[in-house]
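Quick note, the sequences are listed as chains A and B, same order. First residue of the first sequence? That's 1 in UniProt numbering, and the numbers climb one at a time after it. First residue of the second sequence? That's 1 in UniProt numbering, and the numbers climb one at a time after it. Just so you know, even glycine gets a beta-carbon here, dropped at the ideal spot from N, CA and C. Keep in mind that this is a model prediction, so the values were computed, not measured. To keep things clear, I will list the structure first and then write my remarks on it.
Number of protein chains: 2
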Amino acid sequence: MSTPPFKQEPHKLLLIPGPIEVSDEVLFANAHPSMSHVSPDFIPVFGDCIRMLREVLFTADGQPILVAGSGTLGWDQVASNLIEAGEDALVLNSGYFGDSFAACLETYGARVTELKAEVGAAPSPADVETALKSKPFKLITITHVDTSTGVLSDAKGICDIVRRVSPDTLVILDGVCSVASEEIRFDEWGIDVVLTATQKGLGTPPGLSVLCVSQKALKVFETRRSPPSSYYASWKRWLPIMKAYESGNAQYFATPPVNLIYAFNASLKAITKAAPSLEDRFKMHKEASQRLKRALEDLGLRQVPLDPAFAANGMTAVYYPDGLVASDVLPKLNKDEIVVAGGLHKDIKDRYFRIGHMGLSVVDPSRGDLDRVIQSLQHIFG
Amino acid sequence: MSTPPFKQEPHKLLLIPGPIEVSDEVLFANAHPSMSHVSPDFIPVFGDCIRMLREVLFTADGQPILVAGSGTLGWDQVASNLIEAGEDALVLNSGYFGDSFAACLETYGARVTELKAEVGAAPSPADVETALKSKPFKLITITHVDTSTGVLSDAKGICDIVRRVSPDTLVILDGVCSVASEEIRFDEWGIDVVLTATQKGLGTPPGLSVLCVSQKALKVFETRRSPPSSYYASWKRWLPIMKAYESGNAQYFATPPVNLIYAFNASLKAITKAAPSLEDRFKMHKEASQRLKRALEDLGLRQVPLDPAFAANGMTAVYYPDGLVASDVLPKLNKDEIVVAGGLHKDIKDRYFRIGHMGLSVVDPSRGDLDRVIQSLQHIFG
Numbered sequence: 001m002s003t004p005p006f007k008q009e010p011h012k013l014l015l016i017p018g019p020i021e022v023s024d025e026v027l028f029a030n031a032h033p034s035m036s037h038v039s040p041d042f043i044p045v046f047g048d049c050i051r052m053l054r055e056v057l058f059t060a061d062g063q064p065i066l067v068a069g070s071g072t073l074g075w076d077q078v079a080s081n082l083i084e085a086g087e088d089a090l091v092l093n094s095g096y097f098g099d100s101f102a103a104c105l106e107t108y109g110a111r112v113t114e115l116k117a118e119v120g121a122a123p124s125p126a127d128v129e130t131a132l133k134s135k136p137f138k139l140i141t142i143t144h145v146d147t148s149t150g151v152l153s154d155a156k157g158i159c160d161i162v163r164r165v166s167p168d169t170l171v172i173l174d175g176v177c178s179v180a181s182e183e184i185r186f187d188e189w190g191i192d193v194v195l196t197a198t199q200k201g202l203g204t205p206p207g208l209s210v211l212c213v214s215q216k217a218l219k220v221f222e223t224r225r226s227p228p229s230s231y232y233a234s235w236k237r238w239l240p241i242m243k244a245y246e247s248g249n250a251q252y253f254a255t256p257p258v259n260l261i262y263a264f265n266a267s268l269k270a271i272t273k274a275a276p277s278l279e280d281r282f283k284m285h286k287e288a289s290q291r292l293k294r295a296l297e298d299l300g301l302r303q304v305p306l307d308p309a310f311a312a313n314g315m316t317a318v319y320y321p322d323g324l325v326a327s328d329v330l331p332k333l334n335k336d337e338i339v340v341a342g343g344l345h346k347d348i349k350d351r352y353f354r355i356g357h358m359g360l361s362v363v364d365p366s367r368g369d370l371d372r373v374i375q376s377l378q379h380i381f382g
Numbered sequence: 001m002s003t004p005p006f007k008q009e010p011h012k013l014l015l016i017p018g019p020i021e022v023s024d025e026v027l028f029a030n031a032h033p034s035m036s037h038v039s040p041d042f043i044p045v046f047g048d049c050i051r052m053l054r055e056v057l058f059t060a061d062g063q064p065i066l067v068a069g070s071g072t073l074g075w076d077q078v079a080s081n082l083i084e085a086g087e088d089a090l091v092l093n094s095g096y097f098g099d100s101f102a103a104c105l106e107t108y109g110a111r112v113t114e115l116k117a118e119v120g121a122a123p124s125p126a127d128v129e130t131a132l133k134s135k136p137f138k139l140i141t142i143t144h145v146d147t148s149t150g151v152l153s154d155a156k157g158i159c160d161i162v163r164r165v166s167p168d169t170l171v172i173l174d175g176v177c178s179v180a181s182e183e184i185r186f187d188e189w190g191i192d193v194v195l196t197a198t199q200k201g202l203g204t205p206p207g208l209s210v211l212c213v214s215q216k217a218l219k220v221f222e223t224r225r226s227p228p229s230s231y232y233a234s235w236k237r238w239l240p241i242m243k244a245y246e247s248g249n250a251q252y253f254a255t256p257p258v259n260l261i262y263a264f265n266a267s268l269k270a271i272t273k274a275a276p277s278l279e280d281r282f283k284m285h286k287e288a289s290q291r292l293k294r295a296l297e298d299l300g301l302r303q304v305p306l307d308p309a310f311a312a313n314g315m316t317a318v319y320y321p322d323g324l325v326a327s328d329v330l331p332k333l334n335k336d337e338i339v340v341a342g343g344l345h346k347d348i349k350d351r352y353f354r355i356g357h358m359g360l361s362v363v364d365p366s367r368g369d370l371d372r373v374i375q376s377l378q379h380i381f382g
């Protein structure tokens, strides 16, 4: 795509853990003239999103599913398609999003066992192994990065444990805050579902629930005894649609968010076809993260994740220094035209804040986004 | 909003029954820079959408609910929040969308009675009355305009029957293809839920499920014996969010489609604050519809709706003349840079096509959209 004759309006620098700063190209695509959702012009745009998502997740035959909705809808898709009433699910809880995924699974009839870590940690490998051995779980859920704590879970390590001690258990990775900012090897690690959304590492406005489902999980789905327990989230409805768009045809179940698909396509193109490569993208996120985290440490600020090895590379959750509260800090950043996020985890809500560093702000250092926020933080806390 | 420095790209004229042609202002709003979903700048944009939607539906205290998703998600919201397992629902079927709404209700445990009309008709008032007297229905659903047939149901007349013979039955109006192109008097007619989407009469790209719920329906919801049977569609989750945004605060359940909310706001402003008035808007849709339908009649084309009094004002479904099929007609329109829609109703799929005439193409005659399609049709069939 050539550079469009479009420049987005001046605005405050958005450094929250999603939505993130979005490129002019992506916003221009979101302003595409209205198109029929079954038009021959639109079909390959949708089909290419499916194909490029596979590249981002390093999968040969994972089945992408793109449905209008928030990231949360991904939980409903997992729960209503893969769980039948009374089946067991193991939820690894590293913050707010574990609690909510558990509530969603229960809504659709799962018996949920939660492994809750203390705030700032993820459940230990030993606890995961013990739990997996205690009964046959239909699925296990991992919050790859819990946006409420900035804790990064060891997705690969957990996949290894599952394969070793409970190979029938499906591995569900909540990658809302990790896809395209943390390395994910769908096939190699043996993941069965990645669920995510467009407004974080994928660099697109919010409004699309994005999933990738393994052939193994599809077989489990296809041999369900009861019908899926949701209508809108039912893969029975969506799989034929995804297959149709990918093969160059259109089929109708519900009108897709046409403009957002154009925008997603533009962002996926930048991620998969332009520099940096995916490997370099992950590396740049790691480097940017370490730079910001070091700067905060130098200022004496303590991070929420207890183990630096398991802190997200796309966001930083950090406590206010003793004696300071949100209103001492966030308005000052705001005065510097920088938007960060307050706390979300109920146990520590008022004691910390969150900085997002994903996508453009990281892979295009010429923007100077990271410099700006570090300077502003140094000015406030230095 | 002043005229933005933005002009959408040249494109084929989109005259399908949704998505429809969208204004430059709305597309420019859809390209708004990324914003935090809890930012003080964004909160009133969301709050105003809620307030303006009430104006469009002529309701004082209906509760709007705006959730990322396709229009279809509105069915899940109705079924999972208002139906408990084993309760009876009466579905008035005037085409494809009645079948699907019934399937959705059954997914969430409803016992569905369908009143099926012949293709081109809606169930008769006498049949509706008889059915309502046969057992106590928790709710009745009406497809206001069935997009597959272009049949307009007599929503007001059915509301009157319900109030007279079964006043506890909730009236659910599927207004996906009618809101802002057909008159709807939420309070006066006694409607309990209107469900719709943004990409038709509301003149915005697709991706938002839009509902308005009566206080009576909310009471029924609040006194459910079982929890809502969906997580993502649960009003228990969404009602506090809607109330927060309307009162000038933000609360988090799932990230709203921020850019689309800006776009929806821009379109609602045009609908509620600028000329034509809502009454004139309905009148213009009626006049445009009659003009197109007369032109088709003059060309000897027969419409799908059997009774002209119950044909939609925002779309026209019309049979090909004897001996002609889609490939004789649609490519010719396409050559004139006009996109219309093929058939959708399974019984007559290959025998008819559909023309949308909602929103901009109708309320701004200076665009000449209607002239263009009529001329093209006269050229093809004349």
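- Among the CB atoms of chain A, one or more fall inside 8 Å of the CB of N259 of chain B.
- Between F46 of chain A and chain B, the shortest Cβ-Cβ separation is not below 8 Å.
- Residue contact check for A254 of chain A against chain B: a CB pair falls below 8 Å.
- Listed by position along chain A, the residues whose Cβ is nearer than 7 Å to that of F28 of chain B are A31.
- According to the DSSP assignment, V67 of chain B belongs to no alpha helix (DSSP H) but to the beta strand (DSSP E) extending over Q63 to A68.
- Within the same chain, and ignoring the five residues on either side of I161 of chain A in sequence, the residues whose Cβ sits closer than 8 Å to its Cβ are P125, V128, E129 and L132.
- In the three-state scheme derived from DSSP, where H, G and I count as helix and E and B as strand, I161 of chain A is classed as helix.
- Annotated three-state conformation of L333 of chain A is helix, per DSSP.
- Distance between S247 of chain A and L66 of chain A, taken at the CA atoms: about 15 Å.
- Going by DSSP, N265 of chain B is part of the alpha helix (DSSP H) stretching over V258 to K273.
- Cβ atoms of N313 of chain B and K286 of chain B come within 8 Å of each other, at about 5 Å.
- For F137 of chain B, the secondary structure class from DSSP, reduced to helix, strand or coil, is coil.
- Look at the beta carbons and you see the stretch 219-235 of chain A not touching the stretch 218-226 of chain B: under three pairs across the two are nearer than 8 Å.
- At least one CB of chain A lies nearer than 8 Å to the CB of A68 of chain B.
- DSSP places F186 of chain A in the uninterrupted alpha helix (DSSP H) bounded by F186 to W189.
- In terms of Cβ geometry, L268 of chain A and L377 of chain A do not form a close pair [threshold 8 Å].
- Within the stretch 83-130 of chain B, the complete alpha helix (DSSP H) segments of 4 residues or longer fall at 96-107, listed in chain order.
- Only residues of its own chain outside the window of five on either side were considered, and among them L66, I261, F264, N265 and L268 have a CB closer than 7 Å to the CB of C49 of chain B, listed in chain order.
- Between the alpha carbons of S34 of chain B and R224 of chain B lies a distance of about 39 Å.
- Under the criterion of beta carbons closer than 8 Å, S36 of chain B and I142 of chain A do not qualify as touching, at roughly 26 Å.
- At a C-beta separation below 7 Å, H11 of chain A has these neighbours in chain B: P33.
- For R354 of chain A, the three-state secondary structure derived from DSSP is strand.
- The residues Q8, in chain order, have a CB closer than 6 Å to that of L27 of chain B in the same chain once the five nearest residues on each side in sequence are set aside.
- Taking CB atoms only, W235 of chain A has no neighbour in chain B less than 8 Å away.
- For the stretch 199-239 of chain B, the continuous beta strand (DSSP E) assignments of 3+ residues that do not extend past its boundaries occur at 208-213, in sequence order.
- Note: D146 of chain A is bridge-paired with A:V151 in the DSSP secondary-structure output.
- Against chain A, the CB of W238 of chain B has no partner CB under 8 Å away; the residue lies outside that interface.
- Below the 8 Å Cβ cutoff, chain B contributes no neighbours of S361 of chain A, its closest Cβ being approximately 10 Å away.
- Rounded to whole angstroms, the gap between the alpha carbons of T113 of chain A and I172 of chain A is 15 Å.
- Under the 8 Å Cβ criterion, the stretch 347-358 of chain B does not count as touching the stretch 183-195 of chain B, having fewer than three qualifying pairs.
- Going by DSSP, D168 of chain B is part of no alpha helix (DSSP H) at all; its letter is neither H nor E.
- No Cβ of chain A is located within less than 8 Å of the beta carbon of E84 of chain B.
- Per DSSP, reduced to three states, the secondary structure at Y252 of chain B is coil, with no helix or strand assignment.
- For A29 of chain B against L306 of chain B, the beta-carbon gap comes to about 41 Å, at or over 8 Å, which does not count as contact.
- For A197 of chain B, the enclosing beta strand (DSSP E) covers residues V193 to A197.
- DSSP places E246 of chain B within a helical segment (H, G or I) once states are collapsed to three.
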